[in-house]
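Chemist:
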Amino acid sequence: MLPKYYRHMKRNSRRSLLTRFCGMYSIQIDDTSGKHSKKSAGKEHVFVVMNSVFPAEGSKFISERYDLKGSTVGRECSEEEKKKKGSNAVLKDNVSNMK
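Last residue of the sequence shown: 99 (full-length UniProt numbering), numbering continuous.
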């Protein structure tokens with residue numbers, strides 16, 4: 001799948017609305033508190049770095065933008081932000097507000 005994604009992004013980067021993945025990383029943070037034995041491995045954290053800016057050419061097709069996090073706490077776009085930014089306002093993932 002990655003080779004196809006790469007080819008698509010290489011050819012269509014200015015028009016594509018696909019997320020631009022910059023990298024995937026894995027780090028391990030060892031416990032330095034002394035509470036665990038030295039044989040205990042630290043916790044592994046895997047994360048993805050993405051470019052979340054929409055390209056100018058692709059943005060003309062976007063009527064609403066949502067920032068999906070999987071939480072409902074504090075996940076509403078203010079009316080002030082909606083008025084100020086119009087269709088460029090980033091809406092949150094509070095499902096009750098989705099059209």
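For glycine and all other residues, C-beta sits at the position ideal for the given N, C-alpha and C.
This one's a predicted model, so the numbers in the text were calculated from it and none came from an experiment.
(1) If I follow the unbroken beta strand (DSSP E) through Arg20, where does it start and stop?
(2) According to DSSP, simplified to helix, strand and coil, what is Ser96?
(3) Along the chain, where does the alpha helix (DSSP H) containing Asn12 start, and where does it finish?
(4) In three-state DSSP terms, what is Lys60?
(5) When you compare only the Cα positions, how much space is there between Thr19 and Val90?
Modeler: In this structure, then:
(1) 20-29
(2) Unreliable placement is indicated for Ser96, whose pLDDT of 48 sits below 50; the coordinate value is still reported in the next sentence. Correct three-state label for Ser96: helix.
(3) 2-12
(4) coil
(5) 16 Å
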